[in-house]
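Student: Supplied in structure tokens, the structure appears directly below.
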Amino acid sequence: MIMNKKVKGNEDPSNPSNWKWGIFYFNQKDKRIFPPKRDKYAGWTVNFANPYSILAMIVLIIIMLVIGKYLTKS
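Just add 78 to the spot in the sequence shown (first one is 1) and you have this note's numbering.
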């Protein structure tokens, strides 16, 4: 069973003040790496204020590039 976590006003992804240029989620008070998007049914986004989320994105991109490299060699 998935439990919905109550978020505080500062951690609310739907708060427009937490979005830079309307597309980048940036909230230093929110410690989540991948918070939900404004529309929670649209998936997750990256919290660019959290250094671990930026590291996670870099690792994911490297993994995709390595997999792509090996798939194109065959």
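The C-beta atom is built at its ideal place from N, Cα and C for all residues, glycine as well.
Bear in mind the structure is a predicted one, so any value in this text is a computation, not a measurement.
For the stretch 101-108 against the stretch 122-134, are there 3 or more C-beta pairs whose distance is under 8 Å?
Tutor: yes
Student: Name the DSSP beta bridge partners of Y103, please?
Tutor: The residue given as residue 103 occupies position 25 in the sequence shown. In DSSP, Y103 forms a bridge with W97, N125.
Student: Please work out which residues of its chain come closer than 6 Å, Cβ to Cβ, to F112, disregarding the five sequence neighbours upstream and downstream, and give them in chain order.
Tutor: For the purposes of this step, residue 112 is identified with residue 34 of the sequence shown, where counting begins at 1. The residues are W122.
Student: State buried or exposed for Y148, treating a residue as buried only when at least 16 other CB atoms are found within 10 Å of its CB.
Tutor: Looking up residue 148 in the sequence shown gives position 70. It is exposed - the Cβ of Y148 has fewer than 16 other Cβ atoms within 10 Å.
Student: Given that a residue counts as buried once 16 or more other Cβ atoms are within 10 Å of its Cβ, and exposed if not, what is Y103?
Tutor: The sequence position of residue 103 within the sequence shown is 25, counting from 1. The residue is buried, with at least 16 neighbouring Cβ atoms inside 10 Å.
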